[in-house]
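Asks: Numbered by the working numbering, the letters in the sequence shown go through residues -16 to 105 in order.
Structure incoming, see below.
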Amino acid sequence: MKELSFNTFFGYERILAEKPEIVLFGAMLVPIGLLIGISIIGWIFRKLKLNMYVIHALLYTLMFTFLFGAIAMLILFFITDRNGVKLAYCWLAIFVGMFFFSIVNANTISKMFTDWSKIIKN
-16 MKELSFNTFF GYERILAEKP EIVLFGAMLV PIGLLIGISI IGWIFRKLKL NMYVIHALLY
44 TLMFTFLFGA IAMLILFFIT DRNGVKLAYC WLAIFVGMFF FSIVNANTIS KMFTDWSKII
104 KN
């Protein structure tokens, strides 16, 4: 059995080692691209009157990952040794953490946005 090594990242370790700034672009562009795609899927779900809980959780995950993940990646990129593989693992950990947070708190976050929209309208 092969042990886990944090110097590999699904076969992309050579690319990430040569150009660690790819992780920065990925941390900013992947959530935005997925937000657009999942928003379209959510629009279809809403038209079909299907359950939107998972779609909301994914949208919140991507939104929080973009906000906090991009900031964290910028800080880590300029402070650490610019190892692309480690940055990719950090971004992946942030994404997974935001996903679990959003799954647990999707209803609360939705209610918060609903309350804010009522306050803004008044």
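From the three backbone atoms N, C-alpha and C, an ideal C-beta is built for every residue, glycine too.
Need the endpoints of the alpha helix (DSSP H) that tyrosine 72 sits in, please.
Replies: Here the alpha helix (DSSP H) through tyrosine 72 covers 67 to 104.
Asks: In whole angstroms, give me the CA-to-CA distance for leucine 42 and phenylalanine 83.
Replies: Roughly 12 Å between the two C-alpha positions.
Asks: Put tyrosine -5 into one of helix, strand or coil per three-state DSSP.
Replies: Here tyrosine -5 sits in coil by DSSP.
Asks: Ignoring anything shorter than 4 residues, give me the alpha helix (DSSP H) runs that lie fully in the region -5 to 36, in order along the chain.
Replies: Segments of the alpha helix (DSSP H) lying fully in the region -5 to 36: -4 to 1 and 4 to 30.
Asks: What is the rounded straight-line gap between the Cα of valine 79 and the Cα of isoleucine 102?
Replies: One C-alpha to the other measures close to 32 Å.
Asks: Please determine, among Leu70, Ser22, Asn105 and Ser85, the residue with the shortest C-alpha to C-alpha distance to leucine 7.
Replies: Checking every option, the nearest Cα to that of leucine 7 belongs to Leu70.
Asks: Closer than 7 Å by C-beta to glutamate 1: which residues in its own chain qualify, once you throw out the five before and the five after it? Chain order, please.
Replies: Contacts found: none.
Asks: From this set, Thr91, Phe60 and Asp98, which residue's C-alpha is nearest proline 3's C-alpha?
Replies: It is Phe60 whose Cα lies nearest to the Cα of proline 3.
Asks: In terms of alpha-carbon separation, which member of Asn88, Ala40, Leu45 and Glu(-4) lies closest to methionine 11?
Replies: Of Asn88, Ala40, Leu45 and Glu(-4), the residue nearest in Cα terms is Leu45.
Asks: Throw me the rounded Cβ distance for the isoleucine 27 and glycine 67 pair, which I believe falls under 8 Å.
Replies: Not confirmed; about 36 Å, so no contact.
Asks: Which residues mark the beginning and the end of the alpha helix (DSSP H) in which leucine 59 is found?
Replies: That run of the alpha helix (DSSP H) goes 53 to 62.
Asks: Excluding the 5 residues flanking lysine 48 on each side, which residues of the same chain have their C-beta closer than 7 Å to its C-beta?
Replies: Note on identity: in this sequence residue 48 is threonine, with lysine being the wrong assignment. Closer than 7 Å at the Cβ level, and outside the excluded window around threonine 48, lie Pro14, Ile77, Phe78 and Met81.
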